[in-house]
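Going by the numbering used here, the sequence shown wraps up at 165, each residue one higher than the last. Ideal Cβ placement from N, Cα and C applies to all residues, glycine included. All values derive from a computational prediction rather than experimental measurement. Below: one structure, written as structure tokens.
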Amino acid sequence: MPNHLKNTAIMLCVMLAFAGCHNIQGENMKNSKVEYIKLEGKIGEMQNHHGYNGAVIINDSIVKISGQGGWDRDFNFPHKDLKDEINQAFENVAFALESAGSDWSKVYSVTTYFTGKITEEINQTMSQQFKSRCQNLPLWTSVQVAGLGDPRMRVEVVVEAYK
């Protein structure tokens with residue numbers, strides 16, 4: 003079979019498979035229960051002002067949280083050292099998870115966004131956090147970006163966990 007026909011056949015199979023997944027996911031979502039969680043304090047006020055929630059609970063079992071940065075409870079950014087900002091972001095994730103009835107021991111997926119180069123020091127800090135907080139080591143995706151939701155942010159952490 004010529005290469006262009008093989009490529010067309012592969013593309014068609016991928017498209018059909020993706021369409022099937024979309025339909026299955028759509029059917030499952032119709033029967034889903036979603037509970038929206040507002041965080042307390044200044045963070046919750048900021049989220050409310052910008053029109054979003056701090057976390058959701060899906061079907062009483064899965065918790066997803068909004069991205070958390072290295073701010074303090076008054077939404078100040080006190081940390082000059084990136085390692086301290088990462089550690090504070092992990093504390094803020096813990097607060098969001100607790101607000102939704104979960105904690106770091108139940109986290110299975112983490113996505114981090116950094117505005118600067120992702121260095122070995124960053125990777126070591128992340129690894130230490132995972133090993134000290136997670137019951138099982140989570141999936142992890144780390145992305146370098148041009149900017150985040152607040153110009154003072156250098157890190158943002160998003161997680162998914164079991165309730």
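Which of helix, strand or coil does DSSP assign to residue i?
| i | result |
| --- | --- |
| Gln90 | helix |
| Trp73 | coil |
| Glu42 | coil |
| Ile26 | Note that Ile26 scores 39 on pLDDT, short of 50, meaning its location in the model is unreliable and no value can be drawn from it. |
| Val97 | One detail in the question is off: residue 97 reads as Phe in this sequence, not Val. The answer is helix: DSSP assigns Phe97 an H, G or I state. |
Mind checking residue i: buried by the 16 CB within 10 Å criterion, or exposed?
| i | result |
| --- | --- |
| Leu141 | exposed |
| Thr121 | exposed |
| Arg154 | exposed |
| Ser129 | exposed |
| Asn94 | buried |
According to DSSP, which residues form a beta bridge with residue i?
| i | result |
| --- | --- |
| Leu141 | Ser111 |
| Lys66 | Val58, Glu162 |
| Gln146 | Phe116 |
| Glu37 | Ile59 |
Counting only the same chain and skipping the five closest in sequence on each side, list residues whose C-beta sits under 6 Å from that of residue i.
| i | result |
| --- | --- |
| Ser107 | Gln137 |
| Asn61 | Ser34, Lys35 |
Can you tell me which of the options puts its alpha carbon nearest to the alpha carbon of residue i?
| i | options | result |
| --- | --- | --- |
| Lys119 | Ser144, Thr113, Ala98, Asn50 | Ser144 |
| Ala98 | Ser134, Lys133, Gln130, Ile45 | Ile45 |
| Glu37 | Lys82, Asp86, Ala102, Leu84 | Ala102 |
| Asp86 | Gly71, Asp76, Ala96 | Gly71 |
| Val157 | Asn125, Val58, Asp105 | Asn125 |
Take residue i and list the residues in its own chain whose beta-carbon comes closer than 8 Å to its own, dropping the five residues that flank it on each side.
| i | result |
| --- | --- |
| Ser63 | Tyr164, Lys165 |
| Leu139 | Phe132, Lys133 |
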